[in-house]
Amino acid sequence: MAPKVLYTTRISPAGRAVEITAKILGLELDIKFVDLAKREHLTEEFLKMNPLHTIPVIIDEGVPLYDSHAIIIYLVSKYAKDDKLYPKDLVTQARINAMLHLESGVLFSRIRGLLSPVVYMGCAELPQDKVDGIYDAYNLVEGSLQSDFLVGNTLTLADISCCTSLSLLKTVF
1 MAPKVLYTTR ISPAGRAVEI TAKILGLELD IKFVDLAKRE HLTEEFLKMN
51 PLHTIPVIID EGVPLYDSHA IIIYLVSKYA KDDKLYPKDL VTQARINAML
101 HLESGVLFSR IRGLLSPVVY MGCAELPQDK VDGIYDAYNL VEGSLQSDFL
151 VGNTLTLADI SCCTSLSLLK TVF
């Protein structure tokens, strides 16, 4: 099986979620790092792969796919030997999808809001309202836990995706 090509950055939680999922599935990735500061995600070549100019992007059998959640669901649906990471049960899928939306709509959104002024504008201090928003997001995740996992009693794509965003925060706090 030819390796899939993953376009990502070193710091991207979304890219790490794809890397972790691929590793669990035993898939080989050829990782290409995209330099956002050099605006490589806005080049004509990149926009042909992903008109939304977001990362990660994966190329599988010549087909570009983007959005980490779409990618990890695709990889599991196509390559997993079982359905533990994304069970076929629709209620479980709905619960996993809810956590994936929490990750992108709340966790990552607040992380980006917190870190963007520091990374892109050189701000020396973290705005307190953004820090408070992060703690609120932590509390939402904590309140969602019914066991050691976000959905059910085993590792799912919800855990992988949320953990990559939460682990980025560990470097800040």
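Okay, so the sequence shown: first residue is 1 according to the UniProt record's numbering, each after it adds one. The C-beta atom is built at its ideal place from N, Cα and C for all residues, glycine as well. From a predicted model like this one, the values you see are computed outputs, not experimental measurements.
So is residue i buried or exposed if we call it buried at 16+ other beta carbons inside 10 Å?
{"i": "residue 162", "result": "buried"}
{"i": "residue 91", "result": "exposed"}
{"i": "residue 7", "result": "buried"}
{"i": "residue 135", "result": "exposed"}
{"i": "residue 124", "result": "exposed"}
{"i": "residue 102", "result": "buried"}
{"i": "residue 15", "result": "buried"}
{"i": "residue 99", "result": "buried"}
{"i": "residue 127", "result": "exposed"}
{"i": "residue 63", "result": "exposed"}
{"i": "residue 11", "result": "exposed"}
{"i": "residue 39", "result": "exposed"}
{"i": "residue 37", "result": "exposed"}
{"i": "residue 150", "result": "buried"}
{"i": "residue 119", "result": "exposed"}
{"i": "residue 159", "result": "buried"}
{"i": "residue 137", "result": "buried"}
For a quick check, are the C-beta atoms of residue i and residue j less than 8 Å apart?
{"i": "residue 55", "j": "residue 4", "result": "no"}
{"i": "residue 169", "j": "residue 111", "result": "yes"}
{"i": "residue 76", "j": "residue 86", "result": "yes"}
{"i": "residue 71", "j": "residue 131", "result": "no"}
Looking at the unbroken beta strand (DSSP E) that takes in residue i, where does it start and where does it end?
{"i": "residue 8", "result": "4–8"}
{"i": "residue 33", "result": "29–33"}
Could you check what DSSP says for residue i in three-state terms: helix, strand or coil?
{"i": "residue 47", "result": "helix"}
{"i": "residue 148", "result": "coil"}
{"i": "residue 60", "result": "strand"}
{"i": "residue 65", "result": "strand"}
{"i": "residue 86", "result": "coil"}
{"i": "residue 97", "result": "helix"}
{"i": "residue 212", "result": "This structure gives no information on residue 212, because the portion of the chain shown stretches from 1 to 173."}
{"i": "residue 73", "result": "helix"}
{"i": "residue 38", "result": "coil"}
Return the first residue and the last residue of the alpha helix (DSSP H) that residue i is part of.
{"i": "residue 116", "result": "109–121"}
{"i": "residue 15", "result": "13–25"}
{"i": "residue 104", "result": "That residue, residue 104, is in no alpha helix (DSSP H); it is neither H nor E in DSSP."}
{"i": "residue 164", "result": "157–170"}
So, do the region 13–30 and the region 42–49 have three or more beta carbon pairs nearer to each other than 8 Å? no
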